[in-house]
Structure formats: C-alpha cells, structure tokens
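Residue numbers (the numbering used here): 33 to 94.
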C-alpha cells in the first residue's frame, strides 16, 4: 500500500535485515524490502512487521 499523497512506500535502505536499519520513503518497484504486514493487537492498535526481515517497525528516539 502506498502513501495517498506521494505514491511512495516505506522501504529498508540496502535491504538491510539487522536491527537499526534505516527506513525511507521510496518509489514502489516491487522489491521485497517494500512489503509490510499489519499485526492486529486486539486493542485497537497494530504493530507493523517487515516481510523481508521479520522485524517490527519502531521509531528511534533521538
């Protein structure tokens, strides 16, 4: 699913699969690093899992 405003998707820079990978907006070219799954937590919230690495999306604290 792409962003309605930009048409871009979230992708992992260099298809990195370890913790700490950089997530960036990309034009969708169909590569595995652009695929995500929403995990319903049953309380109205979701976790976002990257299909290629199996890692969960997290926001880094600066």
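Yeah, the Cβ is synthetic: ideal placement off N, Cα and C, and Gly gets one too.
Rounded separation between residue 115 and residue 57 - CA only: Lying before the first or after the last residue shown, residue 115 is absent from the chain, which here runs from 33 to 94.
Residue 72 (DSSP reduced to helix, strand or coil): strand
Burial state of residue 89 (16 or more Cβ within 10 Å): The Cβ neighbour count for residue 89, taken over all protein chains shown within 10 Å, is under 16; the residue is labelled exposed.
Pairwise C-alpha distance: residue 87 and residue 69: 10 Å
CB of residue 54 within 8 Å of CB of residue 84, strictly: At the C-beta level, residue 54 and residue 84 stay beyond 8 Å of one another.
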